[in-house]
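Scroll down for the structure; my scribbles are underneath it.
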Amino acid sequence: MMFPFALISGYITEDFGQRLEVRILELEEDRAVFRTADRIGTVSRLEVYFYDDRAGQYDGIVLEHPAVTEILSKRGADPARQFYFEYEVQIAEESYKKAVQKLYVAYDHYIQKKLAGDDAALSEDYTGYPAKLDDVITTDFEKQRAAWFGDIDTEAVKASGLLFALREHQAELAVELDRPELYERYRKEAAEVFYENYWKEHGLSRHPLAQYLPGRLYIGNQFCPHLLPDWEKLKELFDKAKREHLKITLVFSYLREERIADTRKLLDQIAAWCDRAQTRIEIVAGDWGMLSLICEGGTWFEPVFGVLLNKRRKDPRVRYKIGVSGVNEPPADNALNSSFYRAYLRKTYGITRFEQESCGYCIQLPEGKNSIHFPFYQTNTSQYCPLYARCREGSRGRQRETEVCPRYCGDYVFSYPDHLHMVGRYNSLFSYDTQILTENTLLFSYIAHGADRIVLNLM
-17 MMFPFALISG YITEDFGQRL EVRILELEED RAVFRTADRI GTVSRLEVYF YDDRAGQYDG
43 IVLEHPAVTE ILSKRGADPA RQFYFEYEVQ IAEESYKKAV QKLYVAYDHY IQKKLAGDDA
103 ALSEDYTGYP AKLDDVITTD FEKQRAAWFG DIDTEAVKAS GLLFALREHQ AELAVELDRP
163 ELYERYRKEA AEVFYENYWK EHGLSRHPLA QYLPGRLYIG NQFCPHLLPD WEKLKELFDK
223 AKREHLKITL VFSYLREERI ADTRKLLDQI AAWCDRAQTR IEIVAGDWGM LSLICEGGTW
283 FEPVFGVLLN KRRKDPRVRY KIGVSGVNEP PADNALNSSF YRAYLRKTYG ITRFEQESCG
343 YCIQLPEGKN SIHFPFYQTN TSQYCPLYAR CREGSRGRQR ETEVCPRYCG DYVFSYPDHL
403 HMVGRYNSLF SYDTQILTEN TLLFSYIAHG ADRIVLNLM
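First residue of the sequence shown: -17, per the working numbering; consecutive thereafter.
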């Protein structure tokens, strides 16, 4: 029987000491067949590794001086050239026989579960995922969000001294304006009124952070390029922010090739505004091409390393997987924790600030300037919007690029089981960090360890 490559792997060691990986084609209790690209000599050792799906690791069997026989050589048009060679090895060891039997049983169990149930049932069997809770779904996102925020004990947060910590470390509070309705509301309302209403509509007007006036606006969306305002609206927002003495961070998503010329023109207009206003602004980039364009803008722009570039394992379902580090948590660090990588970003692009997200577990902040986005964090983003596909084509699988977006995301979201604290919005999937707005010490820890800015987005 031939197993998927990930379940079984093998290595041979030839007499002269070279160790080669081989592709195992057939596996039986007393034999195996493997393939190589080149003809091999006498084999002194065969190693076979079997994947244990319960433990999330490979268990190996080492066979010394196996009986290997060449059984096939596949020729190309040139008789001197061989495409591959196949070898059979006879195996009598009892440990090998038991390992093969175990793999057969495990693979058969997987196939039966896959055929008989859905992905949630399969996950429940293998990782303890609570499949029955998947039936509880609040389809009204406002009600779901209100239930999440309703669990916050604001009096306990006040007693925790959060505001004192912010002021002591001089951490900056920023608010994200990431969609048209927020652009329009901010354009019409004074900053103080806008912030007051923003907290109130989410039922968090008594939260201590509601008393801490933001000093910066993030304008734009890090995930969907269609949600960036055009230049006329941007100019209005820039002018109003400057009048109200607010600093500006402009946010770009990924850059598609056909949008390069328009984006370069927009950046030229922004640079001209900065020159007239004598104001330097930050620009968050979602990909490397965007970073290159920002660097063309000269000294008026300060490039920032965006969330889409700052790769990290962050999905509320990952804690159910087997084999992750710690107590079922992803690694706390990522590429930015490498000093040589930060040095490269600083030297090549002038980047000293990194956009981070509070994503359900404590991450290790790198040296430099760090902005923490909360309480929602992105887990997936698609260039071809699944929400557009669902509304226009009737299926989220029929995704395609659209030049003129009708912005269905203003009215609709994808709902997920309540226990996952997830929502599909725009072209992305987000999860809610249930700890970051509470009296939990997570936000304190970020501020104390280098987060000089916290960025609020209540969705």
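Ideal placement from N, C-alpha and C gives every residue a C-beta, glycine not left out. From a predicted model like this one, the values you see are computed outputs, not experimental measurements.
Exercise. L424 by DSSP, collapsed to three states: which one?
Worked result: Locating residue 424 in the sequence shown gives position 442, where the first residue counts as 1. Here L424 sits in helix by DSSP.
For this session: Buried or exposed for G308, please, with buried defined as at least 16 other CB atoms from any protein chain shown within 10 angstroms of its CB.
Result: Reading the sequence shown from its first residue, position 326 is the one you call residue 308. Because the pLDDT of G308 is 43, which lies under 50, any placement of that residue in the model is unreliable, and the question is left without a value.
Exercise. In the DSSP assignment, what residue or residues form a beta bridge with E46?
Worked result: As a first step, residue 46 is located in the sequence shown; it is residue number 64 there, counting from the start. Note: E46 sits in a beta bridge opposite R27.
Exercise. Between which two residues does the beta strand (DSSP E) carrying V4 extend?
Worked result: Mapped onto the sequence shown, residue 4 falls at position 22. In the DSSP assignment, V4 falls within the unbroken beta strand (DSSP E) covering 1 to 10.
For this session: Would you mind reading off the limits of the alpha helix (DSSP H) that contains Y323?
Result: To locate residue 323, count along the sequence shown from 1; it is residue 341. Its alpha helix (DSSP H) spans residues 321 to 331.
Problem set entry | Pairwise C-alpha distance: P313 and Y428 | As a position in the sequence shown, residue 428 is number 446, starting the count at 1. As a position in the sequence shown, residue 313 is number 331, starting the count at 1. About 16 Å.
Exercise. Cα-Cα, which of D393, H355, T120, G288 is closest to F234?
Worked result: Sequence index remark: in the sequence shown, residue 234 carries index 252 (1-based). Of the residues D393, H355, T120, G288, the one whose Cα lies closest to the Cα of F234 is G288.
For this session: Please confirm whether Y165 and K215 have their CB atoms less than 8 Å apart.
Result: Sequence index remark: in the sequence shown, residue 165 carries index 183 (1-based). Sequence index remark: in the sequence shown, residue 215 carries index 233 (1-based). Taking 8 Å as the Cβ cut-off, Y165 and K215 qualify as a contacting pair.
Exercise. Based on the DSSP secondary-structure assignment, which residues constitute the bridge partners of T51?
Worked result: Within the sequence shown, the letter at position 69 stands for residue 51. Answer is E70.
Exercise. Skipping 5 residues on each side, what residues in its chain have a beta carbon closer than 7 Å to that of G280?
Worked result: The residue labelled residue 280 in the question sits at position 298 within the sequence shown. Within the same chain, G280 has close Cβ partners A253.
For this session: Can you give me the Cβ contacts of S377 inside the same chain, cut-off strictly under 7 Å, excluding the 5 residues immediately before and after it?
Result: Along the sequence shown, one-based indexing puts residue 377 at 395. So the qualifying residues of the chain are A371.
Exercise. Secondary structure at I276, three-state DSSP: helix, strand or coil?
Worked result: Within the sequence shown, the letter at position 294 stands for residue 276. In this structure, I276 counts as helix in the three-state DSSP scheme.
Exercise. Can you tell me whether DSSP reads A(-12) as helix, strand or coil?
Worked result: Looking up residue -12 in the sequence shown gives position 6. Helix.
Exercise. Three or more C-beta pairs closer than 8 Å, one from the stretch 326 to 342 and one from the stretch 283 to 298: is that the case here?
Worked result: Because the criterion of three Cβ pairs below 8 Å is met, the stretch 326 to 342 and the stretch 283 to 298 touch.
For this session: Inspect the beta-carbon positions of F358 and N422 and report whether they are closer than 8 Å.
Result: As a first step, residue 358 must be located in the sequence shown, where it is residue number 376. As a first step, residue 422 must be located in the sequence shown, where it is residue number 440. In this structure, N422 does not lie closer than 8 Å to F358 by Cβ.
Exercise. Where does the unbroken alpha helix (DSSP H) through H355 begin, and where does it stop?
Worked result: Numbered from its first residue, the sequence shown carries residue 355 at position 373. Not the alpha helix (DSSP H): H355 falls in the beta strand (DSSP E), residues 351 to 363.
For this session: Verify the CB distance criterion: does E70 have a CB-CB separation below 8 Å to chain B?
Result: No chain B is present in this structure, which holds just one protein chain.
For this session: Could you pull out every residue in the same chain whose Cβ sits closer than 8 Å to the Cβ of G132, ignoring the five residues on either side in sequence?
Result: Position 150 of the sequence shown, counting from 1, holds the residue named residue 132. Excluding sequence neighbours, G132 sits near G185.
Problem set entry | Limits of the alpha helix (DSSP H) - the one that N179 falls within | The residue you call residue 179 lines up with position 197 of the sequence shown. Its alpha helix (DSSP H) spans residues 173 to 183.
Exercise. Who are the near neighbours of S142 in its chain, counting only those whose CB is closer than 6 Å to its CB and skipping five residues on each side?
Worked result: Numbered from 1 along the sequence shown, position 160 holds the residue referred to as residue 142. Answer for S142: E421, listed in chain order.
For this session: Would you tell me roughly how many angstroms separate the C-alpha atoms of Y414 and A37, rounded to the nearest one?
Result: The count along the sequence shown starts at 1 and reaches residue 414 at position 432. The count along the sequence shown starts at 1 and reaches residue 37 at position 55. Their Cα atoms are separated by approximately 29 Å.
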